[in-house]
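Enquirer: I'd like to ask some things about the structure below.
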Amino acid sequence: MQDLAFVFAGFFVGFVVALTGVGGGSLMTPLLIFGFGIAPNLAVGTDLLFAAGTKLGGTLQLARRRLVPWRVVGQLSLGSIPAALATLYVLHRVGPAEPAVQRAITLTLGAALLLTAAATFYKANLGHAPQRQPAATGIDPTRARHWALPITLGAVIGSLVTLTSVGAGAIGVAVLLLLYPALPLARIVAADIAYAVPLTLVAGLGHAAIGSVDWTLLALLLCGSLPGIWVGTRLAQHAPQRWVRTLLSLLLAYAGSKLVLA
Numbered sequence: 117m118q119d120l121a122f123v124f125a126g127f128f129v130g131f132v133v134a135l136t137g138v139g140g141g142s143l144m145t146p147l148l149i150f151g152f153g154i155a156p157n158l159a160v161g162t163d164l165l166f167a168a169g170t171k172l173g174g175t176l177q178l179a180r181r182r183l184v185p186w187r188v189v190g191q192l193s194l195g196s197i198p199a200a201l202a203t204l205y206v207l208h209r210v211g212p213a214e215p216a217v218q219r220a221i222t223l224t225l226g227a228a229l230l231l232t233a234a235a236t237f238y239k240a241n242l243g244h245a246p247q248r249q250p251a252a253t254g255i256d257p258t259r260a261r262h263w264a265l266p267i268t269l270g271a272v273i274g275s276l277v278t279l280t281s282v283g284a285g286a287i288g289v290a291v292l293l294l295l296y297p298a299l300p301l302a303r304i305v306a307a308d309i310a311y312a313v314p315l316t317l318v319a320g321l322g323h324a325a326i327g328s329v330d331w332t333l334l335a336l337l338l339c340g341s342l343p344g345i346w347v348g349t350r351l352a353q354h355a356p357q358r359w360v361r362t363l364l365s366l367l368l369a370y371a372g373s374k375l376v377l378a
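Shown next as structure tokens:
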């Protein structure tokens, strides 16, 4: 019976991600911790590989449509991949199942959920200002304000994602909007999805190496997520995005505050 519940959890997260564009980590990890009592390190590690599998399919579709700005992906990866490896090394040395590490994961996860909630709320209610277009500004839209910024912020996101599995969704989009203001929104979203694939794969395999992945759970979640994504993509254009994202931001804020105050 619990196996079926995991499949439905995967369906729900895949459906909401396809419907709203919010990163799956901000939904799946707290759901596993609160809803199923999964240990934080196992929830994070399993969700990272879950995210890698789902985002890979999205990246392949976006690459076929030539929407992925690979230069941007490379710039962010220069910071995020080394930061993920460094975070994994620390987790391995300290021990992912140690109570202090579990508490650090839940606290950081709570803070990341609050940031994601704020970014989601802003995007739903305030983030509708038109973007500058490259043709009007005459600049290279894939050139950041400063070459060190994507590496630095990529490192911050890399550490955050490795520790909590949250950060490569709404937070990543917010960072990309700041770094590449002339890049069209469709390519911003494509870059966010594409650079998350190597990041979540490296982080997820690293968690697997230190015993923080439940492979059976991962398979069950993926079985549910694929049809969930299929249904969500077909209903997305009919859903009231503002209200759905506002409600979702409130739920994420509640989950984040509960983790921080636990």
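Residues in the sequence shown are numbered consecutively from 117, following this note's numbering. Just so you know, even glycine gets a beta-carbon here, dropped at the ideal spot from N, CA and C.
Just to confirm the assignment, what range does the alpha helix (DSSP H) spanning ARG261 have?
Expert: It is not in any alpha helix (DSSP H) - ARG261 carries neither H nor E in the DSSP assignment.
Enquirer: Find out if the Cβ-Cβ distance for the pair GLY340, GLY270 is shorter than 8 Å.
Expert: Taking 8 Å as the Cβ cut-off, GLY340 and GLY270 do not qualify as a contacting pair.
Enquirer: By how many angstroms is the C-alpha of GLY348 removed from the C-alpha of MET117?
Expert: Cα to Cα, the separation comes out at about 25 Å.
Enquirer: Is it buried or exposed for PHE150, if we count other Cβ within 10 angstroms and need 16 for buried?
Expert: That one is exposed.
Enquirer: Which of helix, strand or coil does DSSP assign to TYR205?
Expert: It is helical.
Enquirer: My assumption, with CB atoms under 8 Å, is that VAL282 sits in contact with THR232. Please give the rounded CB distance.
Expert: With a Cβ gap of about 6 Å, VAL282 and THR232 count as contacting.
Enquirer: Could you tell me the alpha carbon to alpha carbon distance between PHE131 and ASN157, rounded to whole angstroms?
Expert: Roughly 24 Å separates the two Cα atoms.
Enquirer: Fully enclosed by the segment 264-327, which alpha helix (DSSP H) runs are 4 residues long or longer?
Expert: Those alpha helix (DSSP H) runs which fall completely within the segment 264-327 and span 4+ residues are 264-280, 286-295, 301-325.
Enquirer: Can you tell me whether ARG110 is helix, strand or coil according to DSSP?
Expert: Any question about residue 110 goes unanswered here, given that the chain covers just 117 to 378.
Enquirer: State the DSSP-derived secondary structure class of ILE221, mapped to helix, strand or coil.
Expert: Three-state result, ILE221: helix.
Enquirer: Would you identify the three-state DSSP class for ALA369, choosing helix, strand or coil?
Expert: Helix at ALA369.
Enquirer: Taking the alpha helix (DSSP H) that ALA335 falls in, what are its first and last residues?
Expert: Its alpha helix (DSSP H) spans residues 331-351.
Enquirer: Report the three-state DSSP secondary structure of ALA155 (helix, strand or coil).
Expert: Three-state result, ALA155: coil.
Enquirer: If contacts are defined as beta-carbon pairs under 8 Å, then LEU172 and VAL313 qualify, I think. What distance do you get, rounded to the angstrom?
Expert: Correct: roughly 5 Å between the Cβ atoms.
Enquirer: Going by DSSP, what residue range makes up the alpha helix (DSSP H) through MET117?
Expert: MET117 -> no alpha helix (DSSP H), and no H or E assigned at all.
Enquirer: So the candidates are ARG261, ALA240, ASP308; which of them puts its Cα closest to the Cα of ILE103?
Expert: Nothing about residue 103 can be read from this structure; the chain reaches only from 117 to 378.
Enquirer: Starting from PRO146, trace the alpha helix (DSSP H) in both directions and tell me its first and last residue.
Expert: It spans 141-146 - the alpha helix (DSSP H) in which PRO146 sits, taken as one unbroken run.
Enquirer: Three-state secondary structure (DSSP) at VAL138?
Expert: Coil.
Enquirer: Between LEU364, GLY372, LEU337, ILE287, which has its C-alpha nearest ALA125's C-alpha?
Expert: The residue with the shortest Cα to Cα distance from ALA125 is LEU337.
Enquirer: For ILE149, which of helix, strand or coil comes out of DSSP?
Expert: Here ILE149 sits in helix by DSSP.
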